[in-house]
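A.B. asks: Residue numbers (our numbering), protein chains in the order written: chain A, 158 to 355; chain B, 158 to 355.
This structure is in structure tokens; I'll ask about it shortly.
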């Protein structure tokens, strides 16, 4: 099964074929591939080049970090994410390292870096499922996250499982069609709510 | 001048050659190209598929939206951004439309969508310079942004200006080398601060 976005205007194939699976193959992700995915985050833009993103990464069956990340996820995510060969927690630092001032852009810049990771992942036939359903306090306790940083997102990364041996309810969640608001509902000009005519 | 990231691990060419110019060509951006850039945002992932992003877009010399966006930017951004052929304000909605509950992921998801826009833009030889230096209250007044939404970022989009007729101080800002933290400083395993060994 492939979910291809029914786009109204042409976009890059890798953006149109990106989606968030609930079922991953058990195939491990090679070390160098993961390094490239993090390298894509590394070269993301950020406010004042602060690079506020930090990641706690785990590979399934390598050590106990994978299980400890699963335990920080919302229950609804645990059921499927525990099978992903790679899990990570996305963290941002609240303040600029140099000035100590609040970095208002930090959550945004973590998202921007995540976007680059998703895209690099797709180059290696990997899929990413992002999650916000994560207990930041549990992550802080479990991984010693300092008070000036915040666990904010999680990501499951892996290859697609083409075989149909997955839990039927997960396959059902995957089968939901991709739907999005049309551009007239979110691209405005002149005033908020007025569709841009260009 | 081209800024190519000195990567430690291979990444997609379009991620490695992405950077944030201060000088844009006057060449206008075709309507259909802009539509593709917003379409890339449209197909981004978001928490519960809420799609919290909204954009106020302007094309220079088409109407007064461009000037009104410039007036909402921090002064340090106004000096260069006013020349960009396309300016936009990135806005997120605070709450889920259906439940009215707070959408904690909203700033992140605007960043994730922006990442897809930057990538689609690069396919059309466009460059993007993102800004957080924006007055949200001024944007609210100017564009009638409702209280359940927040102006958060701005983006300048345009083609590179290869000619060397730009302000010397802007060229100087552009000439700064790309620098980033090594992965050992932001990719952790086991505990926050412990470099991942994979």
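Note that CB positions come from ideal geometry on N, CA and C, so glycine has one too.
Tell me, please, whether the CB atom of residue 193(B) is closer than 8 Å to any CB atom in chain A?
C.D. replies: Residue mapping note: residue 193(B) aligns to position 36 of the second chain, counting from 1. Yes, because at least one Cβ of chain A sits closer than 8 Å to the Cβ of residue 193(B).
A.B. asks: My output table needs one value for residue 311(A): the three-state DSSP class, helix, strand or coil.
C.D. replies: Position 154 of the first chain, counted from the first residue, corresponds to residue 311(A). In the structure shown, residue 311(A) sits in a strand (DSSP, three-state: E or B).
A.B. asks: CB-CB under 6 Å to residue 158(A), same chain, minus the five flanking residues each way: which ones, in chain order?
C.D. replies: As a working mapping, residue 158(A) is identified with position 1 in the first chain. Any reading at residue 158(A) needs caution, since the residue's pLDDT is 49, under 50, leaving its predicted position unreliable; the model's value is listed next. Excluding sequence neighbours, residue 158(A) sits near nothing in its chain.
A.B. asks: List the residues of chain A whose Cβ lies closer than 8 Å to the Cβ of residue 200(B), in chain order.
C.D. replies: Numbered from 1 along the second chain, position 43 holds the residue referred to as residue 200(B). Those within 8 Å of residue 200(B) in chain A are 162, 164, 168, 172, 173, 175, 335, 337.
A.B. asks: Would you kindly work out how many angstroms separate the C-alpha atoms of residue 241(B) and residue 179(B), rounded to a whole number?
C.D. replies: Residue numbering aside, residue 241(B) sits at position 84 when the second chain is read from its first letter. Residue numbering aside, residue 179(B) sits at position 22 when the second chain is read from its first letter. Residue 241(B) and residue 179(B): Cα-Cα distance of roughly 9 Å.
A.B. asks: Would you please verify whether the beta carbon of residue 158(A) is less than 8 Å from any beta carbon of chain B?
C.D. replies: The count along the first chain starts at 1 and reaches residue 158(A) at position 1. Caution applies to residue 158(A), whose pLDDT of 49 falls short of 50 and renders its modelled position unreliable; the value that the coordinates give is listed next. Answer no: the Cβ-Cβ gap between residue 158(A) and chain B never drops below 8 Å.
A.B. asks: Using a Cβ cut-off of 8 Å (strictly closer), state whether residue 317(A) contacts chain B.
C.D. replies: On the first chain, residue 317(A) is found 160 positions in, with the first residue counted as 1. Answer no: the Cβ-Cβ gap between residue 317(A) and chain B never drops below 8 Å.
A.B. asks: At least one CB of chain A closer than 8 Å to the CB of residue 268(B): is that the case?
C.D. replies: What you label residue 268(B) is simply residue 111 of the second chain in a count that begins at 1. Taking Cβ atoms only, chain A reaches closer than 8 Å to residue 268(B), which makes this a yes.
A.B. asks: For residue 250(A), report the span of its alpha helix (DSSP H) as first-last.
C.D. replies: What you label residue 250(A) is simply residue 93 of the first chain in a count that begins at 1. Element bounds for residue 250(A): not the alpha helix (DSSP H) but the beta strand (DSSP E), 243-250.
A.B. asks: Exposed or buried, what is residue 232(A) when buried is set at 16 or more other beta-carbons lying within 10 Å of its beta-carbon?
C.D. replies: The residue given as residue 232(A) occupies position 75 in the first chain. Burial call: exposed.
A.B. asks: Could you give the distance in angstroms between the alpha-carbon of residue 313(B) and the alpha-carbon of residue 253(A)?
C.D. replies: Translated into the one-based positions of the second chain, residue 313(B) becomes position 156. Translated into the one-based positions of the first chain, residue 253(A) becomes position 96. Approximately 24 Å between the Cα atoms of the pair.
A.B. asks: Find the residues of chain B that neighbour residue 344(A), judging by a C-beta separation of less than 7 Å, and give them in chain order.
C.D. replies: Against the first chain, residue 344(A) aligns to sequence position 187. Ordered by position in chain B, the residues that pass the 7 Å Cβ test against residue 344(A) are 195, 212, 214.
A.B. asks: Beta-carbon within less than 7 Å of residue 230(B)'s beta-carbon, same chain only, minus the 5 sequence neighbours each way: which residues are those?
C.D. replies: Indexing the second chain from 1 puts residue 230(B) at position 73. Counting only Cβ-Cβ distances below 7 Å, and skipping sequence neighbours, we find 238, 288, 290, 291, 311.
A.B. asks: Say whether chain B places a C-beta atom closer than 8 Å to the C-beta of residue 188(A).
C.D. replies: As a first step, residue 188(A) must be located in the first chain, where it is residue number 31. Chain B contact via Cβ: present.
A.B. asks: Would you call the region 258-274 of chain B in contact with the region 172-189 of chain B, where contact means no fewer than 3 C-beta pairs closer than 8 Å?
C.D. replies: No, the region 258-274 of chain B does not touch the region 172-189 of chain B.
A.B. asks: Are residue 251(B) and residue 207(B) closer than 8 Å when you measure CB to CB?
C.D. replies: Within the second chain, residue 251(B) is the residue found at index 94, counting from 1. Within the second chain, residue 207(B) is the residue found at index 50, counting from 1. No, they are not a contact pair.
A.B. asks: Pick helix, strand or coil for residue 204(A), following the three-state DSSP scheme.
C.D. replies: The sequence position of residue 204(A) within the first chain is 47, counting from 1. Three-state DSSP puts residue 204(A) in a helix.
A.B. asks: Judging by CA-CA distance, which residue of 319(B), 309(B), 275(B) is the nearest neighbour of residue 247(B)?
C.D. replies: In the second chain, the residue the question calls residue 247(B) occupies position 90. For residue 247(B), the nearest C-alpha among the options comes from 309(B).
A.B. asks: With respect to 7 Å, is the separation between the Cβ of residue 190(A) and the closest non-hydrogen atom of the ligand SAM below this value?
C.D. replies: As far as ligands go, the structure on display features none, and thus does not contain the ligand SAM.
A.B. asks: Under a CB-based cut-off of 8 Å, is residue 347(B) close to chain A?
C.D. replies: Position 190 of the second chain, counting from 1, holds the residue named residue 347(B). Residue 347(B) counts as touching chain A.
A.B. asks: From the beta carbon of residue 255(B), is the nearest beta carbon of chain A less than 8 Å away?
C.D. replies: Here residue 255(B) corresponds to residue number 98 of the second chain, with the count starting at 1. By this cut-off, residue 255(B) is not an interface position.
A.B. asks: My output table needs one value for residue 173(B): the three-state DSSP class, helix, strand or coil.
C.D. replies: Here residue 173(B) is taken as the residue at index 16 of the second chain, counted from 1. Of the three classes helix, strand and coil, the one that applies to residue 173(B) here is helix, per DSSP.
A.B. asks: Near residue 351(A), what residues of its chain come up, given a Cβ to Cβ distance below 6 Å and the 5 sequence neighbours on each side ignored?
C.D. replies: Against the first chain, residue 351(A) aligns to sequence position 194. Contacts found: 345.
A.B. asks: Indicate whether at least one CB of chain A lies closer than 8 Å to the CB of residue 314(B).
C.D. replies: Counted from its first residue, the second chain places residue 314(B) at position 157. No, residue 314(B) does not count as interfacial toward chain A.
A.B. asks: Do you know offhand how far residue 209(B)'s Cα is from residue 175(B)'s?
C.D. replies: One-based indexing of the second chain puts residue 209(B) at position 52. One-based indexing of the second chain puts residue 175(B) at position 18. Computed Cα separation, rounded: 25 Å.
A.B. asks: Show which residues of chain A have a CB atom less than 7 Å away from the CB atom of residue 280(B).
C.D. replies: Counting from 1 along the second chain, the entry for residue 280(B) is found at position 123. By Cβ distance, chain A contributes 169.
A.B. asks: So residue 261(B) contacts chain A; which residues on that side make the cut at Cβ distance below 7 Å?
C.D. replies: Taking the second chain and counting its residues from 1, one reaches residue 261(B) at position 104. Those within 7 Å of residue 261(B) in chain A are 289.
A.B. asks: Where does residue 192(A) land, buried or exposed, given buried means 16+ other C-beta within 10 angstroms?
C.D. replies: By one-based count along the first chain, residue 192(A) stands at place 35. Burial call: buried.
A.B. asks: Can you round the beta-carbon distance between residue 245(A) and residue 349(B) to whole angstroms, since I take them to be within the 8 Å contact cut?
C.D. replies: Sequence index remark: in the first chain, residue 245(A) carries index 88 (1-based). Sequence index remark: in the second chain, residue 349(B) carries index 192 (1-based). Not quite, the Cβ-Cβ distance comes to about 12 Å (not below 8 Å), so this is no contact.
A.B. asks: Let me know if residue 217(B) comes out buried or exposed under the rule of 16 or more other beta-carbons within 10 Å of its beta-carbon.
C.D. replies: Along the second chain, one-based indexing puts residue 217(B) at 60. The residue is buried, with at least 16 neighbouring Cβ atoms inside 10 Å.
A.B. asks: What is the residue span of the alpha helix (DSSP H) that residue 194(A) lies within?
C.D. replies: Here residue 194(A) refers to the residue found at position 37 of the first chain. Residue 194(A) -> alpha helix (DSSP H) spans 188-199.
A.B. asks: Per DSSP, what kind of secondary structure is residue 158(A) in: helix, strand or coil?
C.D. replies: Mapped onto the first chain, residue 158(A) falls at position 1. The pLDDT assigned to residue 158(A) is 49, lower than 50, so where the model puts this residue is not dependable; a value taken from the coordinates is nonetheless given after this. In this structure, residue 158(A) counts as coil in the three-state DSSP scheme.
A.B. asks: List, in order along the chain, the chain A residues whose C-beta lies closer than 8 Å to that of residue 264(B)?
C.D. replies: The residue you call residue 264(B) lines up with position 107 of the second chain. Here the neighbours are 264, 265, 268.
A.B. asks: Are the C-beta atoms of residue 271(B) and some chain D residue less than 8 Å apart?
C.D. replies: Given the protein chain composition of this structure (A and B), no chain D is represented.
A.B. asks: Contact criterion: CB-CB distance below 8 Å. Does residue 311(B) meet it with respect to chain A?
C.D. replies: In the second chain, the residue the question calls residue 311(B) occupies position 154. It does not: the Cβ of residue 311(B) has no partner Cβ on chain A nearer than 8 Å.
A.B. asks: Can you name the start and end residues of the alpha helix (DSSP H) that residue 213(A) belongs to?
C.D. replies: Position 56 of the first chain, counted from the start, is the residue given in the question as residue 213(A). Taken as a continuous stretch (DSSP letters only), residue 213(A) belongs to no alpha helix (DSSP H), being part of the beta strand (DSSP E) at 210-216.
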